[in-house]
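Each residue of the first sequence is one higher than the one before, starting from 18 at the first, in the working numbering.
Cβ coordinates follow ideal geometry from the N, Cα and C atoms, glycine included.
Please read the structure below before turning to the comments.
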Amino acid sequence: MDSGEPSLYELIYDMVCSIPEGKVATYGQIARLIGRPRNARQVGYALAALPEDHEVPWQRVVNIKGEISPRKQAGYDDYQRILLEEEGVEFNPAGRIYLKQFLWDV
DNA sequence: ATGGAGGCGCACA
DNA sequence: CTGTGCGCCTCCA
18 MDSGEPSLYE LIYDMVCSIP EGKVATYGQI ARLIGRPRNA RQVGYALAAL PEDHEVPWQR
78 VVNIKGEISP RKQAGYDDYQ RILLEEEGVE FNPAGRIYLK QFLWDV
């Protein structure tokens, strides 16, 4: 416990892993849940730094508008959408999720 | 220790 | 609803 403080990344990864299937969460929400409401940016940064062997459902993390953040690596953004659809998350014709219905209710 | 950068959020118009 | 500008904070070199 006090022998070592887990970095925000550790908290973020752990929190994202807690997102139930078929639900999505926003960066700000994750940041708030870990006690850092001002660190929404770090959440995105942490996900961007995710290793290849991660077990974090980063695909369930979207911005406050319910849209998938445009990543530098084209193709993954589309992959993210597919994963969510596989879980039962529905998308709007504009490519946005119905947060009101699929937002992780904590 | 300092500087730069980042998959954001919010207020305004 | 959308776009723009600014700020919060941490991490890496």
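Check	Outcome
Is it buried or exposed, Ala-111, if we count other Cβ atoms within 10 angstroms and call 16 or more buried?	exposed
Is Leu-101 helix, strand or coil when you go by DSSP?	helix
In the DSSP assignment, what residue or residues form a beta bridge with Ile-114?	Phe-108
I'd like to know whether the C-beta atoms of Leu-13 and Ala-63 end up nearer to each other than 8 Å.	An answer regarding residue 13 cannot be provided, because it is not within the stretch 18 to 123 covered by the chain.
Quick one: Cα of Gln-97 to Cα of Trp-75, how far?	8 Å
Can you name the residues that DSSP bridges to Leu-120?	Val-41
Over the uninterrupted alpha helix (DSSP H) stretch that includes Glu-22, give me the two end residues.	Taken as a continuous stretch (DSSP letters only), Glu-22 belongs to no alpha helix (DSSP H), as it is neither H nor E.
So what does DSSP say about Val-78, is it helix, strand or coil?	strand
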